[in-house]
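Once you know that position 43 of the sequence shown is 43 in UniProt numbering, the rest is easy, because the numbers rise by one and skip nothing.
Note that the Cβ used here is the ideal one computed from N, Cα and C, for glycine as well.
Note that the coordinates shown come from a computational prediction; the quantities given were computed from them, not determined experimentally.
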Amino acid sequence: MDPERLKQLEQAEEELRRRRERGKLAQRAFRKRHNKTTRDKHDETQRLKEAISKIVRVARHDDRPELVKAIREAAGVTGLDEQTTTELYDEGRTQAERTAEPSQSSSGSRHTLPVVGVSSTELGTKAQGMPLSIGTRMGWVLKTQDPAPLGRGSDVEWTSTRLDYGLWFDTSRFIRADKPPSDIIPYLGKGMHTFAGRLFWACGELMLEQCRRVELYEHTNPRKAREAQEVIWNMVQHSKPLHNVRYIIALAEARREFRDRGYIEGNNPAGEIDSAFILQEQVMNDYKSKGEDTTGWLSPMAVELELRKCLSLESSRRLDRVLQTWDSNQVEGPLLDMIQSLIWKLAASYICFGDGPRWRTDRILALFSGSTHTPGENPLL
């Protein structure tokens with residue numbers, strides 16, 4: 001045989017051998033990927049079944065039809081035995097009925113406290129009363145009669161922390177959020193050291209501090225716990241979409257978590273980028289439906305703008321220096337005391353609009369005109 005032809009045949013055979021080997025390797029890799037995918041899907045489905053089972057156990061005292069239907073549909077998707085789901089619900093409802101009887105007969109039960117009227121002069125609204133059964137920081141839930149996601153209504157009931165946040169069956173929900181919520185972007189980085197940034201975060205800390213006081217003094221000092229409850233209620237009573245207080249608390253916690261850690265755990269329902277703006281839109285719609293003015297309120301940045309209008313250029317620079325060195329202990333004396341006092345005075349009087357604190361324009365103007373036009377007492381002048 002011609003040597004050239006023989007060489008061509010050998011090369012062709014070698015190429016065929018290589019192709020067969022590559023094919024075997026590709027098939028082996030495909031089987032590995034397929035097996036891994038199958039195992040992952042099985043594990044994910046198993047975890048989902050376990051999660052739904054836990055949700056059923058937690059939520060079983062709640063017999064709302066839409067909730068039962070949603071859980072059963074999720075159970076059906078994952079192949080969870082419907083009979084098991086039904087038994088858990090029946091067991092939970094029976095237990096809830098047994099435990100509910102003594103609590104209803106007890107006038108001193110901590111689960112049902114009376115409604116006490118709260119003056120709404122500072123808010124410009126006429127709230128009928130304040131639900132007082134906050135209990136612990138994560139234990140205040142407002143029962144809703146309509147399916148609005150954030151919850152509305154005036155009845156207070158106790159339920160599980162996870163349930164009031166809502167139910168998600170998408171496992172991607174629990175991946176932490178690395179992008180900041182849109183409402184706090186102006187108050188991150190350098191924005192944290194502006195007057196508006198200091199004010200914004202002071203308001204959030206005040207909210208969480210009041211929650212801590214409610215939890216701390218609930219059983220040891222009811223009067224202090226009640227005072228903290230009133231502070232929280234004054235922040236949110238002006239608009240129904242804000243009456244799901246636990247969601248408002250979740251908003252504050254999520255934003256502080258991102259500020260401190262740079263991310264928000266995925267199991268926080270208020271950690272989405274636009275969660276605060278959605279709530280703020282509902283508040284605005286509520287105001288418009290009542291024929292109330294939505295333009296007479298100032299955000300932290302608008303408050304800072306009004307303050308600087310009252311200051312000279314040199315005073316404004318002095319203010320910036322204090323704000324930048326706030327945490328370094330390099331500034332002492334009346335200037336720092338005045339700015340801190342002003343920020344905490346504002347923080348103590350804000351009301352929540354979902355996407356952050358607000359103040360009435362006329363009261364801010366009156367406050368600044370009084371605090372910046374007294375040369376003998378104002379170190380900024």
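Supposed close pair cysteine 352, leucine 216 - CB separation, criterion 8 Å: At roughly 22 Å, the Cβ-Cβ gap does not stay under 8 Å, so cysteine 352 and leucine 216 are not in contact.
Beta strand (DSSP E) segment containing arginine 360, residue limits: 357-360
Counted within 10 angstroms of its Cβ, other Cβ atoms place arginine 47 as buried (16 or more) or exposed: exposed
Cα-Cα separation between serine 182 and isoleucine 273, rounded to whole angstroms: 5 Å
Buried or exposed (CB count within 10 angstroms, at least 16 for buried), lysine 41: exposed
Residue(s) in a DSSP beta bridge with cysteine 352: Pro357
Limits of the unbroken alpha helix (DSSP H) element including methionine 338: 334-347
Selected residue, minimal CA-CA separation from threonine 295, among Trp359, Glu230 and Glu14: Trp359
Cysteine 211 - containing alpha helix (DSSP H), residue span: 195-217
One or two residues paired with isoleucine 264 in a DSSP bridge: Ala177
For tryptophan 297: DSSP bridge partner residues: Arg360
Option in Ile343, Arg318 and Leu365 with minimal Cα separation from leucine 201: Before going further, note that residue 201 is tryptophan rather than leucine in the sequence given. The option with the nearest alpha carbon to tryptophan 201 is Ile343.
Isoleucine 264 to lysine 24 span [Cα, whole Å]: 45 Å
Spatial distance of threonine 37 from alanine 70 (CA atoms): 28 Å
Beta-carbon gap between cysteine 310 and phenylalanine 258 smaller than 8 Å: no
Residue interval of the alpha helix (DSSP H) (run including glutamine 282): 275-289
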